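In what follows, a single structure is set out as structure tokens and then discussed.
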Amino acid sequence: MKRFVYLYGLCVLLIVSLFGCQMPMGMHETASDARHRPGAPMVASEGQVPEIPVDNTGDTFEDVGTNPFVLVDGDPLSTFAADVDTASYDIFRRDINNGLLPVPTSVRLEEYVNYFDYDYPVPIPDLDGPFTLTLDSAPNPFTEGTDLISIGIRGREMAAEKKPTNLVFLVDTSGSMSSTLKIGLVKLVLKETLEVLYDTDTISIVTYAGNTSVALEATPVSDKAAILQAIDDLGAHGSTAGAAGLTLAYEQAETAFIEDGMNHILLCTDGDFNVGPSSDDALVDLIEEKRKTGITFTVLGFGTGNLNDSMMEKISNAGNGVYGVISDADQATNYVYTRMLSTMLFIAQDMKIQVEFNPEQVLAYRLLGYENRAIKDEEFRDDKVDAGEVGAGHTVTALYEIVRTGGLVPVPEGAPELVDNPPFDGETQVEADELCRVKIRYKEVGATEEDPAFEVWKSISTVSDDLSDASADMQWAASVAAISEVLKGSPYASMEKLELAVSLIHANIGNDPLRVEFAALLDQAMLLLTENPN
Numbered sequence: 055m056k057r058f059v060y061l062y063g064l065c066v067l068l069i070v071s072l073f074g075c076q077m078p079m080g081m082h083e084t085a086s087d088a089r090h091r092p093g094a095p096m097v098a099s100e101g102q103v104p105e106i107p108v109d110n111t112g113d114t115f116e117d118v119g120t121n122p123f124v125l126v127d128g129d130p131l132s133t134f135a136a137d138v139d140t141a142s143y144d145i146f147r148r149d150i151n152n153g154l155l156p157v158p159t160s161v162r163l164e165e166y167v168n169y170f171d172y173d174y175p176v177p178i179p180d181l182d183g184p185f186t187l188t189l190d191s192a193p194n195p196f197t198e199g200t201d202l203i204s205i206g207i208r209g210r211e212m213a214a215e216k217k218p219t220n221l222v223f224l225v226d227t228s229g230s231m232s233s234t235l236k237i238g239l240v241k242l243v244l245k246e247t248l249e250v251l252y253d254t255d256t257i258s259i260v261t262y263a264g265n266t267s268v269a270l271e272a273t274p275v276s277d278k279a280a281i282l283q284a285i286d287d288l289g290a291h292g293s294t295a296g297a298a299g300l301t302l303a304y305e306q307a308e309t310a311f312i313e314d315g316m317n318h319i320l321l322c323t324d325g326d327f328n329v330g331p332s333s334d335d336a337l338v339d340l341i342e343e344k345r346k347t348g349i350t351f352t353v354l355g356f357g358t359g360n361l362n363d364s365m366m367e368k369i370s371n372a373g374n375g376v377y378g379v380i381s382d383a384d385q386a387t388n389y390v391y392t393r394m395l396s397t398m399l400f401i402a403q404d405m406k407i408q409v410e411f412n413p414e415q416v417l418a419y420r421l422l423g424y425e426n427r428a429i430k431d432e433e434f435r436d437d438k439v440d441a442g443e444v445g446a447g448h449t450v451t452a453l454y455e456i457v458r459t460g461g462l463v464p465v466p467e468g469a470p471e472l473v474d475n476p477p478f479d480g481e482t483q484v485e486a487d488e489l490c491r492v493k494i495r496y497k498e499v500g501a502t503e504e505d506p507a508f509e510v511w512k513s514i515s516t517v518s519d520d521l522s523d524a525s526a527d528m529q530w531a532a533s534v535a536a537i538s539e540v541l542k543g544s545p546y547a548s549m550e551k552l553e554l555a556v557s558l559i560h561a562n563i564g565n566d567p568l569r570v571e572f573a574a575l576l577d578q579a580m581l582l583l584t585e586n587p588n
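In my numbering, the protein residues as written are 55 to 588.
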């Protein structure tokens with residue numbers, strides 16, 4: 055059958071420094087001829103390209119790619135792990151404040167979206183379980199002919215009385231950390247931590263540079279003088295024996311281990327693991343093994359120039375912790391008071407999300423972000439597969455872009471190939487009137503690999519007439535996602551719709567100081583985009 059390709063809109067000029075290429079004309083593929091296509095002609099735009107200052111500080115990032123559109127007829131299932139990391143957005147914040155745009159490969163869309171809190175319903179004790187699930191939908195204002203579906207999860211709040219806590223700070227004191235924006239901010243985090251712990255909680259400090267040492271054995275918070283002295287004595291010099299430091303930190307955590315408490319290691323580093331056995335796989339194996347004993351692991355990156363972003367994300371995931379980047383005193387304080395303890399106190403573990411689309415109503419779908427959190431569909435109910443953890447009071451948001459049956463699948467130049475599998479012949483659960491069914495599978499906190507998981511689901515059957523009919527949360531998340539795609543240089547990004555995204559951001563700020571800050575940062579980013587013509 056002849057395949058038709060439709061071109062729409064005007065050629066849109068993108069910024070080479072931001073994207074690495076020019077943005078093509080948008081294109082669509084007919085629904086009926088989406089299968090067995092021989093390849094589409096592509097039309098690229100031409101024009102003058104402005105020069106934009108981009109972060110080239112020396113931090114290293116791994117390109118996670120961009121999720122493709124998938125034809126529902128061949129693959130109705132999409133499965134991924136929950137994620138509440140914020141490092142990617144933290145880097146955006148750092149770079150914009152320094153007058154730079156973030157490296158496109160540093161952008162992980164889901165971390166931008168999940169940096170913000172959303173007003174999803176709070177779980178009712180003994181009724182909702184550990185979290186609530188909220189679905190919403192609306193036409194996509196950023197891509198003609200597609201709709202958006204949002205998935206929102208909100209964990210129950212942290213109990214008034216937190217668990218006893220055993221914290222081990224593993225501090226990189228190598229020469230590359232000798233800056234007030236590195237070791238100076240580490241000291242601030244350590245000192246602020248004393249204000250959110252109980253007197254009976256314990257803190258240990260392990261340092262690593264050319265050698266490793268215990269700067270402070272497990273000490274109750276009530277002995278603040280001893281802890282503050284150990285913090286003040288921290289300095290930075292030498293090379294980095296990161297792997298040896300990890301081993302010593304785990305020894306300290308095991309010595310002070312608290313049954314039924316929070317036992318956690320916080321690695322504070324600029325990411326420069328350059329001495330000893332430091333392959334990502336070796337570090338991941340060590341941290342995964344120790345995680346099974348009840349010791350979790352978070353990574354905090356500091357400063358610029360040495361961040362090994364991919365490694366830091368991998369090892370935090372292996373330790374059921376989070377990965378964030380601290381770049382100033384305000385952010386250090388905000389992390390300690392709003393995120394540190396909640397990210398250690400899980401309300402659910404190994405959380406997987408699987409969406410089943412209805413081929414009678416949806417032609418194709420694309421998950422926005424979560425590229426490196428994908429799980430095989432058949433592993434959704436394999437309860438030995440590690441997934442994501444959700445902390446107390448945290449929200450998790452995911453967005454899908456869908457094309458309804460009878461519609462046209464966008465095929466912009468440079469986009470990943472449309473996933474066109476043979477017709478699916480597996481078991482399905484979605485009902486005829488549903489667009490999709492969202493299933494959440496999770497384990498109770500403290501469960502082992504062998505323990506069974508729980509599963510809940512919810513479906514959505516309609517799409518709102520306009521984005522303005524959707525919740526303020528969905529408008530915010532959709533706009534943040536659209537802006538993230540521009541910063542990432544996604545082939546699906548729409549520069550011509552960027553002003554719309556910015557206006558929606560300003561319209562949905564509310565009273566959230568983090569949203570207020572993002573709007574201001576976004577205004578600075580827009581200036582970078584417009585004030586540097588050739």
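Glycine is no exception: its CB is placed at the ideal position from the N, C-alpha and C atoms.
Fair warning: this is a prediction, and the values are worked out from it, not measured in the lab.
For residue i, which three-state DSSP category applies?
i, result
"residue 180", "coil"
"residue 404", "strand"
"residue 393", "helix"
"residue 291", "coil"
"residue 514", "strand"
"residue 361", "coil"
"residue 494", "strand"
"residue 242", "helix"
"residue 506", "coil"
"residue 158", "helix"
"residue 319", "strand"
"residue 247", "helix"
"residue 569", "helix"
Between the C-alpha atoms of residue i and residue j, what's the straight-line distance to the nearest angstrom?
i, j, result
"residue 221", "residue 529", "38 Å"
"residue 502", "residue 342", "13 Å"
"residue 125", "residue 454", "13 Å"
"residue 488", "residue 413", "10 Å"
"residue 537", "residue 581", "14 Å"
"residue 93", "residue 516", "Reliability fails at residue 93, whose pLDDT of 32 lies under 50, so the model's placement of it is uncertain and the value that follows must be treated cautiously. The alpha-carbon atoms of residue 93 and residue 516 are separated by roughly 33 Å."
"residue 519", "residue 335", "48 Å"
"residue 248", "residue 196", "46 Å"
"residue 279", "residue 288", "15 Å"
"residue 180", "residue 210", "11 Å"
"residue 103", "residue 543", "Note that residue 103 scores a pLDDT of 32, beneath 50, so its modelled location is shaky; the value from the coordinates is reported in the next line. Residue 103 and residue 543: Cα-Cα distance of roughly 14 Å."
"residue 451", "residue 265", "42 Å"
"residue 556", "residue 140", "21 Å"
"residue 184", "residue 177", "7 Å"
"residue 568", "residue 478", "43 Å"
"residue 123", "residue 456", "8 Å"
"residue 257", "residue 223", "7 Å"
"residue 524", "residue 189", "10 Å"
Name the residue from the options whose alpha carbon lies nearest to the alpha carbon of residue i.
i, options, result
"residue 562", "440, 280, 171", "171"
"residue 573", "423, 146, 365, 114", "146"
"residue 494", "443, 540, 459", "443"
"residue 168", "552, 548, 533", "533"
"residue 254", "131, 462, 312", "312"
"residue 137", "386, 577, 476, 429", "429"
"residue 481", "243, 154, 131", "131"
"residue 460", "191, 143, 200, 135", "200"
"residue 355", "347, 378, 306", "378"
"residue 314", "216, 270, 439", "216"
Would you mind sorting residue i into buried or exposed? The rule is 16 or more other CB atoms within 10 Å of its CB.
i, result
"residue 374", "buried"
"residue 163", "buried"
"residue 203", "buried"
"residue 207", "buried"
"residue 165", "buried"
"residue 372", "buried"
"residue 156", "buried"
"residue 152", "exposed"
"residue 232", "exposed"
"residue 219", "buried"
"residue 466", "buried"
I think residue i touches residue j, with their Cβ atoms under 8 Å apart; what is that distance to the nearest whole Å?
i, j, result
"residue 512", "residue 492", "6 Å"
"residue 268", "residue 302", "7 Å"
"residue 116", "residue 159", "7 Å"
"residue 351", "residue 381", "With 8 Å as the limit, residue 351 and residue 381 do not qualify as a contact, their Cβ atoms being about 21 Å apart."
"residue 499", "residue 400", "5 Å"
"residue 228", "residue 290", "6 Å"
"residue 173", "residue 527", "6 Å"
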